[in-house]
Amino acid sequence: VYVKVLMWKLYRSTDFEVHRNWLAVTHSLPMTEWYFDATSQWTLDYPPFFAYFEWVLSQVAAIIDPNMLKVQVEPYEEEAAVLFQRLSVIATEFVLLGSV
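Numbering (the working numbering), first residue to last: 31 to 130.
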């Protein structure tokens, strides 16, 4: 967790767009289409529990930057979206650490 905070601005992997797309899919489409949408190359291919987790995160993301929840082909890299994703990863890791 601390290493991620220290490296805050140093990199952005392709996982950013993958997870942004999963947030968009789970937020914008009916549940019956989550695993079948092919708008982006980053299709939702994780088990349902993870998809529900992405849906929960998307409810918060809608407050931070609603535009990041549009299902689209083009990458979306606004600073608010990047900040949300990085903070949600760190917060989730703290929850995980607290549960151990």
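Backbone N, C-alpha and C define an ideal beta-carbon position, used for all residues, glycine too. Predicted model, so just to flag it, every value in this text is computed and none were measured.
(message) I'd like the span of the alpha helix (DSSP H) that includes A110, first residue to last.
(response) Position 80 of the sequence shown, counting from 1, holds the residue named residue 110. Where A110 is concerned, the enclosing alpha helix (DSSP H) stretches over 109-129.
(request) Could you spell out the range, first to last residue, of the alpha helix (DSSP H) harbouring D138? (result) Outside the modelled stretch of the chain, which goes from 31 to 130, sits residue 138, for which no answer is possible.
(message) In this structure, how does DSSP classify E158 when only helix, strand and coil are distinguished?
(response) Since the displayed the chain opens at 31 and closes at 130, residue 158 lies outside it and no answer follows.
(message) For I3 and Y106, I'd like the C-alpha separation in whole angstroms.
(response) Nothing about residue 3 can be reported from this structure: the residues present for the chain run from 31 to 130 only.
(request) Answer with buried or exposed for M98, where buried requires no fewer than 16 other C-beta atoms within 10 angstroms of its C-beta. (result) By one-based count along the sequence shown, residue 98 stands at place 68. Residue burial is scored here from C-beta neighbours: M98 has at least 16 other C-beta atoms within 10 angstroms and is therefore classed as buried.
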